[in-house]
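2 protein chains.
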Amino acid sequence: MKKADVLFKNAIVLTMDEELRQFNPGALAVSGDSIVAVGAEKDLLANYEADEVIDVGGKILMPGLVNAHTHVPMTLLRGLADDLRLDVWLMGYMMPVEREFVTPEFVRLGTQLACAELIRSGVTSFADMYYFEDHIAEATAEAGMRALCAQSVMKFPTPDAGSYEDALALTRTFIERWKDHPLIVPGVAPHAPYTCTPEILQACASLAVEFDVPIHTHLAETATEVENIREAEGIPVIPYVKKHNIFDAKVLAAHCVHIDLGEIRTLSQTGAGVAHNPSSNMKLASGVAPVQKMIDEKVNVGIGTDGPASNNDLDMFEEIRLAAFIAKGFSGDPTAVPAATALTMATRLGANALHIGDLTGSLQVGKRADLILVDIFGSHNTPHFRRDPNNAYVQLVYATKSTDVSDVMINGNFVMRERELLTLNETDLMEKAQAYAIKIDDFLTEREESLLSKLVALGGSMEEESFEVQTKVKLTEQVDVKAALANSELKILRTKHYREHDAYFSFEDPSQGRLRYREDEFIDEAGNVEQVRARLTLIGQANEEEFKDDVLLSRSRYLAPATNSLRFYREYFKPVSETIIQKERLRWLVKYKGTEFYINFDSFDKPDLGNFLEIKTRTWSLRDAKKKAKLTSALLDQLNLGEHATIKDDYIELA
Amino acid sequence: MKKADVLFKNAIVLTMDEELRQFNPGALAVSGDSIVAVGAEKDLLANYEADEVIDVGGKILMPGLVNAHTHVPMTLLRGLADDLRLDVWLMGYMMPVEREFVTPEFVRLGTQLACAELIRSGVTSFADMYYFEDHIAEATAEAGMRALCAQSVMKFPTPDAGSYEDALALTRTFIERWKDHPLIVPGVAPHAPYTCTPEILQACASLAVEFDVPIHTHLAETATEVENIREAEGIPVIPYVKKHNIFDAKVLAAHCVHIDLGEIRTLSQTGAGVAHNPSSNMKLASGVAPVQKMIDEKVNVGIGTDGPASNNDLDMFEEIRLAAFIAKGFSGDPTAVPAATALTMATRLGANALHIGDLTGSLQVGKRADLILVDIFGSHNTPHFRRDPNNAYVQLVYATKSTDVSDVMINGNFVMRERELLTLNETDLMEKAQAYAIKIDDFLTEREESLLSKLVALGGSMEEESFEVQTKVKLTEQVDVKAALANSELKILRTKHYREHDAYFSFEDPSQGRLRYREDEFIDEAGNVEQVRARLTLIGQANEEEFKDDVLLSRSRYLAPATNSLRFYREYFKPVSETIIQKERLRWLVKYKGTEFYINFDSFDKPDLGNFLEIKTRTWSLRDAKKKAKLTSALLDQLNLGEHATIKDDYIELA
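If you read the protein sequences in the order shown, they are chains A and B.
Whatever position you read off the first sequence (first residue = 1), add 2 for this note's numbering.
Whatever position you read off the second sequence (first residue = 1), add 2 for this note's numbering.
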């Protein structure tokens, strides 16, 4: 008799190996961290004696599931903001909250909470990508789980690195620390093509190659990403990142929703793994990855939950079912991604995608003992047909719930027995998580109370000069402005011609002010658009003071580059109304009696307000503003514009 | 103080009423079968005293879910056959098994098992359609559940009715029995436009109107259904059934996947309800219903699981999530069907769709006490954000599992407390269900063992004469067959011209014989296709006996009309290889010496075998066969065909 530590018997054993062997009644023997035998019960009972023999009572014994793409600390942001467009969700909510809250303590707690949920639902390995990955790896190893932990690198400052150079240095130290750990595989995570420069992609590739660790990245998630790269580079996403050496390393690519057959073949030839994320792709409306085609081309396609902020859970049974469902629903072919394929994706193919297929993903002698028991005796999973080997896969994929998982062993150690977690204090974790939720709710509630704080939360905004001197003249007849400016008292410093597209957002509470989204199209001398700039300005209510011909305004103005679309801001700020104003503007910067003024000649396209001439100047000083108000009046006289009416309304008030 | 029977306190109360009112902490009072108060906890505690006050510890208290379309007894067929095309699944597996097994005992057991699963997952009402609906209603009422039970009517014989007239008579008696029951609403279920004649639709409509009960039917589930009706009637499905008075009654229409805006408006105007079945539509690849558009047009759209044989469970939490997911994933709009909408569909809108919105679907005073408690304190559902009323809906739709439901009350009575079922013996039901599964597996295993039994299972097959006398001549030169037939010894009884498209399926075990799928195109004198007939023939291995020029074959031949496509038979019978043969055939039925013979002149298109002349006759009698063999030889001489080679191979053996 051979010796084993643990012998499972009286099980329906699904090996999920290449031949999809099944044993019923089957048995499996574990010694140390590894599987030493798997087969028919009578064979194992005849050959093995074990310290512990576990009669599993007819449950299914199968490999632990592999969650091929997630961001575990985001458990703490589950349900924070939903049913929003990707950019509003990401830049309006996730990133501002992450900037404020993500610390080593945060990622540690989020990881532990995730591990509790993952173990409960039968996951034994996962692929992560986030910030402070060192702390994530630590919490994961303590929970006894296997993971590919990849440290994020991107061109923006992140909660854990002020620059991408810092992030790369951090990643190197991280890899050195975890390189030979029995549970953790460290990796490099250039976040995505659109958040990395070519230099970053290349540096990440060479770091991954240097240590022979995987790269974990997001590729071709949305149609927009593909369009942008195609426009800028003339090639699709996969060739683009290939050009920057990514595939020199072992790659795990999340999403791959918008890729063509040529790109699928590149993934296959380079041995890259893909993580398919059905819930996330549906919920964020990214599209449906061509999973059946990837499988047909022998790509290792795993299944992932993505982060719990866009899912909103880590339930792999749900993902497996959804992978089978949407492959059929979108292709119109009910035979696409059958149950056995979906389950193979969540086990063996997933492990291959993470480049840990030598360790886990199937019940085979020599692999680590990463396995689960599934209780199939619930009323929702009754009865059991058994005439066809597919019946077992069908049952697991279409009727089993994650809560049917009763026992989980990872690397030869039990982490859950009879639904009891052995490595984590769930109650304590949930309490701490709730404390974070309350703080985050407070932070967002406060932010939502003012337009200004919502603007500030987006980042990059700054205050402008707060006093504005403004003279505005409605031109009732044809005026040759250029001739008027040819005046010996004036010196023209700069001339600009542009077209301005403004959208003014108004809000229920007028004291919040108005928000203006402006696109300036700069027109060159030939009349072509030379450059486009979009800016966001929060215009507070003005305190007005009138002078001859002039209005002196004091108000708050916050300016931010508008890096997102008008649609984004509309969905983020939720105005009660919106006014569109479009005009041509000729602008001169002039010096008059030693002071600089802007002179704007505005002719309106929409609404049809006619032509205006504005003289404007700004300052931080009230005294200076009063002095400039007098000068403005004098300048207006100088221009000698004939009949005109001075008005004090803003254009938005005339529209 | 007012009196109540039960008072729930310390709950997050989601009323799901028109205003989507929430109370936190909230309370609800029940007297008898009805809700007598719902509101803020302090208000109810100040005004009510109750026999039983239940502190629910911060759980969510909400209306019980409404499963808007299912076939409850099909729990017993869960996981029987999956990942197949609709026709193979339905006609190859479901219908043969139903013909064999569906009895009052079967539907009763299946209903009880379904009720256990439904209650566990928080469903309090459902809409059913099946056979022996009287027994389903009985089992449902005993389990304490609310249901619209609709008795199936269709043009084919069913397990409970030999004809549609019988089915209608049965339905009338059924309605009379259940008309005023507190839990059961009886209904009429014309199965679908393609399984009913216009007369059946009209008769069902007038029966439903007579008793003012709902009609429950399947409409526009697949693109094929719509195409067929459009081809035959020139109009889409909704106008077609409208023409046959269906909307005179209160309609609950399942699926409505392939309908246009005009049809949506018809549904809205006629007050019809729709049951959206996301899992079933994905799994059978039927398509995606335009749910957001229906909601926008004020159609009462509920959510259903469909039968558990095409799902494979009755988990409404999964359906709700999937409804939200696929609406976004297919439209590309992540704001489509947000969480609150999805949950409203599964409660108030669903109840309206079943035409029981006056009784259930929201927590409002006067409605029946149909409610559930949801435990939101699992690690998979932590933390809880609460700054926005949508947070609660988001949590229920995107992270809650059906197993989080802890308590269920229907019509004022608890049917589950602390996850303990009070009206059903689950263990007993599961045992009995498993006994059925074993019997059904045996039935199918036996069927799968022989081609003949698989053919017989499809219905309509019959045995042909088993002795065939065959003379076959390969014509090596041009022969004027018509001139040869102009012979005073022969009388031509009938002439036919057709084109034959044959597909021969071969199987691993040659003793099973071959299956031939043949399409005969009958060609008229002008050369046009007059008629097409498709037949399936199972050709057993022949025992041969040779005579001069002739071969006498004795073999089994089973013939069946091929009502399904070649593709169907390919997927159903799974041949190891397939051979295509196409030929033109001129066939004469002649009388020669008092005996009838077929003379075939065959010229091959595919493969290019040349031209053949066959003389054939068949009989049940061996003695008669031998006599005919001699005559056949004489007839061949009569024809005087010049140089020719007699061969004994079948065409399939030459191909």
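We put the CB at the ideal spot given by N, CA and C, even for glycine.
| Asked | Found |
| --- | --- |
| Best match in A:Phe606, A:Asn613 and A:Phe549 for proximity to A:Leu633 [C-alpha to C-alpha] | A:Phe549 |
| Beta carbon proximity, B:His278 to chain A, threshold 7 Å | no |
| Interfacial residues, the stretch 377–393 of chain A to chain B, with Cβ spacing under 9 Å | Phe379, Gly380, Ser381, His382, Asn383, Thr384, Pro385, His386, Phe387, Arg388, Arg389, Asp390, Asn392 and Asn393 |
| Inter-stretch contact (C-beta, 8 Å, three-pair minimum) for the stretch 419–439 of chain A and the stretch 393–402 of chain A | no |
| Short CB-CB distance (under 7 Å) between B:Ala435 and chain A | yes |
| Partner residues on chain B for A:Leu82, Cβ-Cβ distance less than 8 Å | Phe387 |
| Where A:Leu477 falls: helix, strand or coil (DSSP) | strand |
| C-alpha distance - B:Val90 paired with B:Glu491, whole-angstrom precision | 51 Å |
| 7 Å Cβ cutoff met for A:Asp45 and A:Lys11 | no |
| Cutoff 7 Å: B:Pro340 Cβ touching any chain A Cβ | yes |
| Continuous beta strand (DSSP E) stretch holding A:Leu9: start and end | Lys4 to Leu16 |
| Proximal chain B residues relative to A:Gln397, where beta-carbon distance stays under 9 Å | Arg80, Gly81 and Asn314 |
| Nearest to A:Asn314 (by Cα), restricted to the options B:Phe327, B:Val303, B:Asp315 and B:Val109 | B:Phe327 |
| Given B:Pro241 as reference, the closest of B:Thr226, B:Lys252, B:Leu221 and B:Ala256 once Cα atoms are compared | B:Leu221 |
| A:Trp590 - containing beta strand (DSSP E), residue span | Ser579 to Tyr594 |
| Chain-ordered residues of the stretch 399–420 of chain B with a beta carbon less than 8 Å from chain A | Tyr400, Ala401, Lys403, Ser404 and Thr405 |
| Chain A within 7 Å of B:Leu446, Cβ atoms only | yes |
| Close Cβ partners of B:Ala205 (< 7 Å) along its chain, the five nearest in sequence each way excluded | Leu170 |
| Beta-carbon proximity check, B:Met131 vs B:His73, cutoff 7 Å | yes |
| Span of the beta strand (DSSP E) around A:Met432 | Taken as a continuous stretch (DSSP letters only), A:Met432 belongs to no beta strand (DSSP E), being part of the alpha helix (DSSP H) at Glu428 to Glu451. |
| Against chain B: residues of the stretch 116–140 of chain A by CB proximity under 8 Å | Ala118, Glu119, Arg122 and Ser123 |
| Local conformation of B:Leu67 per DSSP, three classes | strand |
| Proximity test, Cβ basis, 7 Å: A:Arg87 and chain B | yes |
| Proximity winner among A:Glu450, A:Ile654 and A:Phe603, relative to A:Glu580 (alpha-carbon distances) | A:Ile654 |
| Closer than 7 Å to chain B by CB, A:Asp335 | yes |
| Pair within 7 Å by beta-carbon distance, B:Val15 and B:Leu63 | yes |
| Under the three-state DSSP convention, the category A:Gln543 falls into | coil |
| Residues of its chain near B:Ser605, where Cβ-Cβ distance is below 6 Å and the 5 sequence neighbours each way are ignored | Glu586 and Asn613 |
| A:Gln114 beta carbon less than 7 Å from that of A:Ala141 | yes |
| Three-state class that DSSP yields for B:Glu532 in the structure shown | strand |
| The stretch 464–475 of chain A in contact with the stretch 487–506 of chain A per 3-pair CB rule at 8 Å | no |
| Stretch pair the stretch 337–356 of chain B + the stretch 301–310 of chain A: three plus CB contacts closer than 8 Å | no |
| Under 7 Å (Cβ pairs) to chain B, residues found in the stretch 283–307 of chain A | Asn283, Met284, Lys285, Leu286, Ala287 and Val290 |
| Ranges of the alpha helix (DSSP H) found wholly within the stretch 236–318 of chain A, counting only runs of at least 4 | 239–245, 263–271, 280–285 and 293–298 |
| Buried/exposed call for B:Trp622, threshold 16 Cβ in 10 Å | exposed |
| Buried versus exposed, by CB contacts within 10 Å (16 or more), B:Phe570 | buried |
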